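Numbering (this note's numbering), first residue to last: 233 to 294.
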């Protein structure tokens, strides 16, 4: 039945199912949590970095 001849195979099946359930539960609890303030600061810094990089690239183009 399902090839469960060994405890290792059974434990692999069980751990896969448990990890799947854990991911689903984590997703349900964190679905609409939004960004933390530090993440917004990081995104702003990355945008500024991209803008500065683009400006430098335009200045270097001949």
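Glycine included, each C-beta is placed from N, C-alpha and C at the ideal position. What you are looking at is a predicted structure, and each value in this text was computed from that prediction instead of being measured.
Between which two residues does the alpha helix (DSSP H) harbouring residue 259 extend?
The residue given as residue 259 occupies position 27 in the chain shown. For residue 259, the enclosing alpha helix (DSSP H) begins and ends at 239-261.
Anticipated Cβ contact below 8 Å, residue 242 with residue 236, distance rounded
Numbered from its first residue, the chain shown carries residue 242 at position 10. Numbered from its first residue, the chain shown carries residue 236 at position 4. About 5 Å separates the Cβ atoms of residue 242 and residue 236, confirming a contact at the 8 Å cut-off.
Could you tell me the alpha carbon to alpha carbon distance between residue 254 and residue 266, rounded to whole angstroms?
Numbered from 1 along the chain shown, position 22 holds the residue referred to as residue 254. Numbered from 1 along the chain shown, position 34 holds the residue referred to as residue 266. Taking the straight line from one Cα to the other gives about 20 Å.
May I have the straight-line CA-CA distance separating residue 252 from residue 272, to the nearest angstrom?
Reading the chain shown from its first residue, position 20 is the one you call residue 252. Reading the chain shown from its first residue, position 40 is the one you call residue 272. Taking C-alpha positions only, residue 252 is separated from residue 272 by approximately 30 Å.
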